[in-house]
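Undergrad: Sharing a structure here in structure tokens format.
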Amino acid sequence: MNDPVSGIALGVVIVGLALSTFVTRTSFLIAGARLRLSHRVEVALRFAPVCTLAAIIVPDVLMHGMNATFDPSLLNPRLIGAAATGLWLCWSRNIFGCLATGMAAYSLARLYL
Amino acid sequence: MGVYGEYRRLVTAPGLEREGAERRAAFRGGQRAIVPSLFGAGAWGMVSGVAMVKGGLAVPWAILMSLLVYAGSAQLAALPLIFAGAPLWVIVATGLVTNLRFVIYSAAIRPYFADQPLRKRAALGFFMTDFTFTLFMRYAQQGKLPERNRDAWFAGVCANNWTVWQVSALTGIVAASYVPTDWGLEFTGTLALVALVGPSLVTRPALLGAIVAALVALATYHMPYKLGLFCGAIAGIVAATLTDSWQRRSPPAQPESA
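These protein sequences, in sequence, are chains A and B. Count the first sequence with our numbering and you get residues 14 to 126, in order. Count the second sequence with our numbering and you get residues 1481 to 1738, in order.
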């Protein structure tokens, strides 16, 4: 077991990460009316969240293990967990139910498959 | 009484009082609106807290990171690099690329806060996350935002989300040594995002965009610094926009409109 990472260098890294978050989150909000977006871009931005989150979720579910190899098989516990969450979502919008169902299916699949 | 009474009378002038009450009502409305996703935010915060300590950060630094960065995905992406002793610029660049989606978010949300002072816009931006942004835009599209005091409404959303996330992250940081990593608790964060995205997939452009985004993100997964995430997002947005404009052009057999 290595010693926990700490020290000034880590502090600099944290400040750098904090700046990267602040700059991206406030970019257009701070630039205000000086930056203009065409109507077309405004429409495109409506679809930004769903597309970005899909690009985060799907690789996270299908890329498996330490080497992140592609695993679309029906025995992939993450796929089973995500599918269970999706099915529960069709039934009810309750996020607790979604997470409980998904984690239960995921854990069972990891134990028994 | 005396000076204090004078002051009271000034600040509680009827108009101001109604204004203040309206703003507080909007704030509370925002606080209520975020409640259904607070469990997801809590799980995600807890997960990031556990991961920071399990990933090798000393507890005080993990707390500092949680408070200053407040971005679970960027924190989780940076951890293996920090632990591997990667150079500063690589770690910050990774965080930046993971955060690029926030540029898109801030541009999308800007029209709603265009009349707010700079300081307030910066503050609302700092507290904007996947959860709070998605909720705000969903309410905006459904016409459920309050007519006035939208900044107070969004501040209420963000206040609850921030508090729950930070308390959960702190809990995760402190409890990390008792939670075995092999529980796979970090997967709760992904499931929370699934539950967040699901309801948006009902329109054809959104569904197609999500599929394209996922396929491209998979194909470009091994690009450095999580750039694949950004490629997928851009491809998905282009696909969704094109589908949207075709859908608009074709419907009730309108002859050539452009």
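Where a beta carbon is used, it is the ideal one built from N, C-alpha and C, also for glycine.
1) Indicate whether P1685 of chain B and A1635 of chain B have their beta-carbon atoms separated by less than 8 Å.
2) Would N1579 of chain B pass as a contact of S33 of chain A if the rule is Cβ separation under 8 Å?
3) Okay, do the stretch 1654-1664 of chain B and the stretch 1682-1696 of chain B touch, 3+ Cβ pairs below 8 Å being the bar?
4) How many Å lie between W1569 of chain B and A31 of chain A at the Cα?
5) Under DSSP, the alpha helix (DSSP H) around K1624 of chain B begins and ends at which residues?
6) Leaving out the 5 sequence neighbours to the left and right, which residues in its chain are closer than 7 Å to V74 of chain A when beta-carbon positions are compared?
7) Are the C-beta of A1738 of chain B and some C-beta of chain A separated by less than 8 Å?
8) Say whether chain A places a C-beta atom closer than 8 Å to the C-beta of N1579 of chain B.
9) Just reading off the alpha helix (DSSP H) that A1656 of chain B is part of, what are its end residues?
10) Runs of 4 residues minimum, wholly inside the stretch 1540-1619 of chain B: which ones carry the alpha helix (DSSP H) assignment?
11) I'd like to know if D1724 of chain B contacts chain A, where contact means its C-beta is closer than 8 Å to some C-beta of that chain.
12) Helix, strand or coil, according to DSSP, for T1700 of chain B in the structure here?
13) Using Cβ-Cβ distances below 9 Å, what residues of the stretch 17-37 of chain A are close to chain B?
14) Identify, in the order they occur along the chain, each residue of the same chain with its Cβ nearer than 8 Å to the Cβ of A1545 of chain B, setting aside the five sequence neighbours on each side.
15) Does any CB atom of chain A fall closer than 8 Å to the CB of Y1592 of chain B?
16) Helix, strand or coil: which one does DSSP assign to F60 of chain A?
17) Indicate whether I1769 of chain B and G29 of chain A have their beta-carbon atoms separated by less than 8 Å.
18) Tell me which residues of the stretch 61-78 of chain A have at least one Cβ-Cβ distance to chain B shorter than 9 Å, keeping chain order.
19) Please list, in chain order, all residues of the same chain as A1542 of chain B whose beta carbon is under 6 Å from its beta carbon, the five residues on each side excluded.
20) Of the residues A:R106, A:S105, A:S86 and A:H77, which one's Cα is nearest the Cα of G1664 of chain B?
21) List, in chain order, every chain E residue whose beta-carbon is nearer than 8 Å to that of S1657 of chain B.
22) Mind listing, in chain order, the continuous alpha helix (DSSP H) runs of no fewer than 4 residues lying wholly within the stretch 71-96 of chain A?
23) Three Cβ pairs or more, each shorter than 8 Å: is that satisfied between the stretch 1669-1677 of chain B and the stretch 1513-1528 of chain B?
24) Using the Cα positions of Q1734 of chain B and F1667 of chain B, report the straight-line distance between them to the nearest angstrom.
TA: From the atom records:
1) No, the Cβ-Cβ distance between P1685 of chain B and A1635 of chain B is not below 8 Å.
2) The answer is yes: Cβ separation under 8 Å.
3) They do not touch, by the three-pair rule.
4) When rounded, the distance between both Cα atoms is 13 Å.
5) That residue, K1624 of chain B, is in no alpha helix (DSSP H); it is neither H nor E in DSSP.
6) Excluding positions up to five away in sequence, the list reads R91, L92 and A95.
7) Note that A1738 of chain B scores a pLDDT of 44, beneath 50, so its modelled location is shaky and nothing firm can be said.
8) With 8 Å as the cut-off, N1579 of chain B counts as an interface residue toward chain A.
9) For A1656 of chain B, there is no enclosing alpha helix (DSSP H), since its DSSP letter is neither H nor E.
10) As for any alpha helix (DSSP H) of minimum length 4 sitting wholly inside the stretch 1540-1619 of chain B, the runs are 1552-1563, 1568-1593 and 1598-1606, ordered along the chain.
11) Closer than 8 Å: yes.
12) Of the three classes helix, strand and coil, the one that applies to T1700 of chain B here is coil, per DSSP.
13) Residues passing the 9 Å Cβ filter: P17, V18, S19, G20, A22, L23, G24, V25, V26, I27, V28, G29, L30, A31, L32, S33, T34, F35, V36 and T37.
14) For the sequence presented, residue 1545 of chain B should be read as Met rather than Ala. Hits under 8 Å: M1532, L1537 and Q1555.
15) For Y1592 of chain B, the closest Cβ of chain A is not nearer than 8 Å.
16) Residue state for F60 of chain A is assigned as coil, using DSSP reduced to three classes.
17) Here chain B comprises residues numbered 1481 to 1738, so residue 1769 of chain B is not present and cannot be evaluated.
18) Correct list: A61, P62, V63, C64, T65, L66, A67, A68, I69, I70, V71, P72, D73, V74, L75 and M76.
19) Result list for A1542 of chain B: M1532, V1533 and I1653, in chain order.
20) In terms of CA proximity to G1664 of chain B, A:H77 leads the group A:R106, A:S105, A:S86 and A:H77.
21) Protein chains A and B are contained in the structure displayed, whereas chain E is not.
22) Every candidate alpha helix (DSSP H) stretch fails here, since none sits fully inside the stretch 71-96 of chain A while reaching 4 residues.
23) Yes: the two stretches touch, three or more of their Cβ pairs being nearer than 8 Å.
24) In this predicted model, Q1734 of chain B has a pLDDT of only 48, less than 50, meaning its place in the structure is not dependable enough to derive any value.
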